[in-house]
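S.K.: Before anything else, here's the structure in question.
Protein chains: 2
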Amino acid sequence: MTLEKLMGEMIVCFRKYAGSDGNSGTLSQQELSEMAKKEFPTLCQSPKKDEILKEIFTQMDRDKSNTIDFKEFMIFLTCMTMALEDCCK
Amino acid sequence: MTLEKLMGEMIVCFRKYAGSDGNSGTLSQQELSEMAKKEFPTLCQSPKKDEILKEIFTQMDRDKSNTIDFKEFMIFLTCMTMALEDCCK
Chain A
1 MTLEKLMGEM IVCFRKYAGS DGNSGTLSQQ ELSEMAKKEF PTLCQSPKKD
51 EILKEIFTQM DRDKSNTIDF KEFMIFLTCM TMALEDCCK
Chain B
1 MTLEKLMGEM IVCFRKYAGS DGNSGTLSQQ ELSEMAKKEF PTLCQSPKKD
51 EILKEIFTQM DRDKSNTIDF KEFMIFLTCM TMALEDCCK
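Protein chains in written order, with full-length UniProt numbering: chain A, 1 to 89; chain B, 1 to 89.
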C-alpha cells in the first residue's frame, strides 16, 4: 500500500467511527473507545483499558471541547507512531 | 487494515527508503525523491515535480540538517493528511 493510500485510510477510519452518532466531524468518548477496541487490539488487551482510554481521551482533547476532531486525532496518531518507532530502534 | 498496522506500515515505509544509502535513520533529498515517485504517484504526475520535490524537502527539513528524520517525516505526513481531509469535506 502506498503512503498516498495510507493517508486515505486514516481519513476513512476516522470518519467511520466519528459517524456513529450522526456527526462525522468528531469522535465522542464512546466512539473513541469503539475505535480503540477495533483498531488498537494490542493496547486493549490491558485489564486497565477503560482507565487508559479515559486518560487518552483527555490527552487527545487539546481544546477541551469534549470531542476529538480530525486534527487532534492526527496529532495523537503521530505521537503514537513516533513512540512506536522509538521502541523499534 | 487496523490503525495499529497502519502505524507500523509508516515506519516500515520510512526505513525502506531511508536505508538506501546505508543510514536508515534519515532521508536524503535523493531518497525523498525516490519515495515520492513510488508513494505519491498522483503528486508525481506533475511536470513540475522536480521543483515541487525540492521545495517539499526544504519545508520538511525543519532543523536545516539537510536530511529528513522520522519526526520531520511524520509532521509532514500529518499536514498532508489534514490538507487531504479538508479537501474531502
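Glycine included, every Cβ here is placed at the ideal spot set by N, Cα and C. Just so you know, these numbers come straight off a predicted model, no measurement behind them.
Enumerate in chain order the residues of its own chain whose CB-to-CB distance from Asp-61 (chain B) is below 8 angstroms, with the five nearest sequence positions on each side excluded.
M.R.: Answer for Asp-61 (chain B): Thr-67, Ile-68 and Glu-72, listed in chain order.
S.K.: Just verifying my parser: in three-state terms, what is the DSSP assignment at Asp-61 (chain A)?
M.R.: Three-state DSSP puts Asp-61 (chain A) in coil, outside helix and strand.
S.K.: Out of B:Met-35, B:Met-74, B:Leu-43 and B:Gln-30, which has the shortest C-alpha to C-alpha gap to Lys-16 (chain B)?
M.R.: Out of B:Met-35, B:Met-74, B:Leu-43 and B:Gln-30, B:Met-35 has the C-alpha closest to the C-alpha of Lys-16 (chain B).
S.K.: Give a yes or no on whether the C-beta atoms belonging to Thr-78 (chain A) and Thr-78 (chain B) are separated by under 8 angstroms.
M.R.: In this structure, Thr-78 (chain B) lies closer than 8 angstroms to Thr-78 (chain A) by Cβ.
S.K.: So, are the CB atoms of Glu-85 (chain A) and Phe-70 (chain B) less than 8 angstroms apart?
M.R.: Yes, the pair counts as a contact, with Cβ atoms nearer than the cut-off.
S.K.: Name the DSSP bridge partner or partners of Asp-69 (chain B)?
M.R.: Note: Asp-69 (chain B) sits in a beta bridge opposite B:Thr-26.
S.K.: Closer than 8 angstroms between beta carbons: that is the criterion. Which residues of the UniProt domain "EF-hand" (48 to 83) of chain B meet it against chain A?
M.R.: Answer set for the UniProt domain "EF-hand" (48 to 83) of chain B: Phe-70, Lys-71, Met-74, Ile-75, Leu-77, Thr-78, Met-80, Thr-81 and Met-82.
S.K.: State buried or exposed for Cys-88 (chain B), treating a residue as buried only when at least 16 other CB atoms are found within 10 Å of its CB.
M.R.: Exposed: under 16 other Cβ atoms inside 10 Å.
S.K.: If Met-74 (chain B) and Met-82 (chain A) are in contact, beta carbons under 8 angstroms, what's the gap, nearest whole angstrom?
M.R.: Sure, about 6 angstroms apart at Cβ, within 8 angstroms.
S.K.: Are the C-beta atoms of Glu-34 (chain B) and some chain A residue less than 8 angstroms apart?
M.R.: For Glu-34 (chain B), the answer is no, since every Cβ of chain A falls outside 8 angstroms of its Cβ.
S.K.: Output, in chain order, the set of chain A residues within a Cβ distance shorter than 7 angstroms of Glu-9 (chain B).
M.R.: Here the neighbours are Met-1 and Leu-6.
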